[in-house]
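Heads up: the structure comes next, in structure tokens.
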Amino acid sequence: MGKEEKILGTNATADKHQVFIVMFNTGMTYVYLLSVLLLARITLQASSPTSTYYVGAVVEYHPVHNEDNATATVNQNKKNYMKFLQTASENEVDIIVFPEASLMGGLGTSEHNRSPSLSAGSYIPDPKDAKVPCTDQSSNVNEVVKALSCAAKSFAMYVVVNLHEKEKCTGDKCPKDGHMLYNTNVAFDRTGTVIGRYRKWNLFGESGFNRTTKPELSYFRTDFNVTFGQFICFDILFDTPALSLVREKRITDILFSTYWFGELPYLTANEIQSAYAYVNDVNFLGSGFNSPSTGSGGSGIYAGKDGVLGRIATEKRTNAMIIANIPKIVNGRRVQPVNPNDAKIIVYSKIDIPTINGSEPVPQMAFKSDDMTAYTTKLFNPSNNTHNLTLCDREFCCNFQIHTEHREDLVKDSVKYYRYRLAVFNGVRSFGVGGTGGVEICSIISCIDDKPTSCGHRFDTNTIIVHPTTFNSIIISSDYKISRNISRFPLSLNTEMNPFNVSDFTFISNKLNATHINIKYTLTKPRKDLMTFTIYGRNFTSDGLPITTSSAAQFSPLYIMLIMLIVLGITKTYGISSM
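Note that full-length UniProt numbering has the sequence shown beginning at 1, numbered continuously upward.
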């Protein structure tokens, strides 16, 4: 009752003889879970070390939010977590990931008021101690963590949750309240044991949280012979831990918890998740906090270069779960073919997960927009032809070969349609409260009119839009220095806010010499719904530097006139003659 199931394909069915009773005692914060035929369930459900796949799940959750009572918020969201876990159990899930900040209802913390986080947060045992909070009477974890440990044990499932972790401290670097406070992912195994703990390193503002002295990579091995690494949200755009896990530790399966603030045209949640999975060819389980009013949402399960298994991109508040059979990676290869039909999306009704009330606060996802003023851009004039163009920004050049078909008869003043620009950037951008970061960008992006300032925006989803331009093929290429301090992603997005399927493009790197490579990003199938097609490079060596200012501002007529006046003044003062 109350649960709508949108099935994308066949999947292992739930054992009809399994009965799980969840009792919430309002007088206590413990959650008691009674499992009938638990041993039979474990035997039937658990993937084994020799199985060719495991069953993974990610949650897209619009949580309960109560600014006045953090503890009550956590308890209400915990109850909804139990409903997700029961559904996952019925679908024989081995491992499940919940979104960043969703247990706390999105409640942030500032350095001026950490009290809510300290009251609702918990101490977390070191995974090396192999503690089971569910049964450990000496543990000082809070009762929500005990309940989650008990749930992992009762459902015999690996469970990854994000919470506010507190740790007692002393000394000069200890905050006045006597605690370090971390944005932390905790992983429980099938027995409820804490086997993983990751403290977020790349904080997105989050001034009330602390960081460890150095990054702590987090990874753990499961009983079905897969080792998982984990990181949180903004981490995905940095070398540590996102690249350290795959490069140094050779991790092939990633767990990602996020409260993402989507930004057009390059950094929507599903866009960056799918690109990271593709470039690193990892299995990627991304769980997103759902809040359209902040541009937050987007979850997915990806099989690297073998494509998407299932994803959610919604304009409205949503509670949902993606469940998929995920092929294991052994010796660099998936041991069975990827089959998107082995996945399903379960969408919960307002009755089953009662966190969505009233009318929608925004008509569509309220994405932020990248500041394009510092970019070098050129309006693309489509025609029934092939266009060969080169565009440069600060000595960084991108080559474009674009074959289009264009229906001029559809272009009228009364209709809405996207225009396109070539956009190139080599510099340092702002990540808002997240600081600054170096980027190298070669892109084709959509705009709602002919002006550069309209790029990174989109039409209302209820508007009738025509598509006069069809991109039959696109080749974007550039030469790059070989460096481990730069990571490059193939980003794409259509008008439905979904990345392109891996069958729609190629992304190939060829070594030119000892110091340089050429990267070529090719659209191989015609598209008329293109929003973004981009080689997006992150240059970590420029992180923290001042933002690159607009070249247009640097060389504006006023600026040039000022320079001329200064030169003329110097010439007149010192009697310098022209050569």
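The beta-carbon is built from N, C-alpha and C at its ideal position, and this holds for glycine as well.
No experiment lies behind these values; they were computed from the predicted model shown.
Which value, in whole angstroms, describes the spacing of the CA atoms of residue i and residue j?
i: SER48; j: PHE224; result: 5 angstroms
i: SER542; j: GLY427; result: 8 angstroms
i: ILE517; j: ASN485; result: 14 angstroms
i: THR376; j: HIS387; result: 18 angstroms
i: ASN80; j: CYS398; result: 49 angstroms
i: ALA46; j: ILE301; result: 19 angstroms
i: PHE24; j: THR461; result: Residue placement at PHE24 cannot be trusted, given a pLDDT of 33 that sits under 50; what the coordinates show is reported in the next sentence. Cα-Cα distance, rounded: 41 angstroms.
i: HIS65; j: SER299; result: 20 angstroms
i: GLY310; j: ILE508; result: 25 angstroms
i: ASP504; j: THR524; result: 5 angstroms
i: LYS146; j: ILE96; result: 17 angstroms
i: VAL282; j: LEU255; result: 10 angstroms
i: PRO292; j: SER473; result: 33 angstroms
i: THR13; j: TYR348; result: Here the model assigns THR13 a pLDDT of 30, short of 50, so the residue's position is not dependable, and the following value carries that caveat. If you take the alpha carbons of THR13 and TYR348, they lie about 18 angstroms apart.
i: TYR198; j: ASP450; result: 46 angstroms
i: VAL74; j: LYS305; result: 37 angstroms
i: SER110; j: HIS457; result: 31 angstroms
i: ASN183; j: GLU165; result: 6 angstroms
i: SER483; j: ILE535; result: 16 angstroms
i: MET321; j: VAL58; result: 6 angstroms
i: TYR278; j: ARG317; result: 28 angstroms
i: ALA552; j: THR453; result: With a pLDDT of 45 at ALA552, under the threshold of 50, the modelled position of this residue cannot be trusted; read the value that follows with caution. Approximately 13 angstroms between the Cα atoms of the pair.
i: THR29; j: GLY121; result: At THR29 the pLDDT is 37, less than 50, meaning the model places this residue with poor confidence; the figure from the coordinates comes in the next sentence. Cα to Cα, THR29 sits roughly 14 angstroms from GLY121.
i: TYR54; j: PRO116; result: 38 angstroms
i: ALA152; j: LEU85; result: 8 angstroms
i: SER207; j: HIS112; result: 9 angstroms
i: LYS78; j: LYS481; result: 48 angstroms
i: LEU264; j: VAL439; result: 15 angstroms
i: ASP239; j: GLY544; result: 14 angstroms
i: GLY105; j: LEU379; result: 43 angstroms
Residue i by DSSP, collapsed to three states: which one?
i: ASN80; result: helix
i: GLY106; result: coil
i: ALA70; result: helix
i: ASN472; result: strand
i: LYS214; result: coil
i: ASN510; result: strand
i: residue 582; result: Since the first residue of the chain shown is 1 and the last is 579, residue 582 is not available in this structure.
i: VAL145; result: helix
i: LEU118; result: helix
i: ASN113; result: strand
i: SER430; result: strand
i: SER454; result: helix
i: SER349; result: coil
i: ALA152; result: helix
i: PRO327; result: strand
i: ARG221; result: strand
i: ASP479; result: strand
i: GLY178; result: coil
i: THR184; result: strand
Please confirm whether residue i has its beta-carbon closer than 8 angstroms to some beta-carbon of chain D.
i: LYS176; result: Chain labels in this structure do not include chain D; a single protein chain is all it has.
Among the residues of its own chain, which have a CB less than 7 angstroms from the CB of residue i, if the five just before and after it don't count?
i: LYS168; result: GLY178 and HIS179
i: PHE204; result: CYS233, PHE234, VAL433 and GLY434
i: VAL335; result: THR52, PRO327 and LYS328
i: ILE353; result: ASN80, LYS83 and ASN319
i: HIS403; result: THR386, ASN472 and SER473
i: ALA72; result: ASN66
i: ASN210; result: MET180, LEU181 and TYR182
i: PHE459; result: LYS416, ILE448 and ILE465
i: GLY286; result: VAL58, PHE256, THR258, GLN273, SER299 and GLY300
i: THR87; result: MET321 and ILE346
Enumerate in chain order the residues of its own chain whose CB-to-CB distance from residue i is below 6 angstroms, with the five nearest sequence positions on each side excluded.
i: THR258; result: GLU100, CYS233 and GLY288
i: ILE195; result: PRO127, ALA187, ASP189 and PHE220
i: ASP479; result: HIS516 and ASN518
i: PHE500; result: SER492
Using a Cβ-Cβ cut-off of 8 angstroms (strictly less than) and excluding sequence neighbours within five positions of residue i, which residues of its own chain qualify?
i: ASP529; result: HIS467, ASN494, THR495 and GLU496
i: SER138; result: none
i: SER383; result: THR404 and HIS406
i: THR390; result: CYS397, CYS398, ASN399 and PHE400
i: SER244; result: PRO215 and LEU217
Between residue i and the ligand NAP, is there a pair consisting of the residue's CB and a ligand heavy atom that are separated by less than 7 angstroms?
i: LEU493; result: No copy of the ligand NAP appears in this structure; indeed no ligand is present at all.
> Which whole runs of the beta strand (DSSP E) in the stretch 227-300 are 3 residues long or more, in chain order?
Replying inline: With a minimum length of 3 residues, the continuous beta strand (DSSP E) runs that stay inside the stretch 227-300 are 227-232, 253-258 and 283-288.
> Counting pairs of beta carbons, one from the stretch 353-368 and one from the stretch 410-430, are three or more of them closer than 8 angstroms?
Replying inline: no
> What are the uninterrupted segments assigned as beta strand (DSSP E) that are 3 or more residues long and contained completely in the stretch 486-537, given in chain order?
Replying inline: 486-494, 505-511 and 516-523
>> Which runs of the alpha helix (DSSP H) at least 4 residues long sit entirely within the stretch 353-417? Give them in chain order.
In response: none
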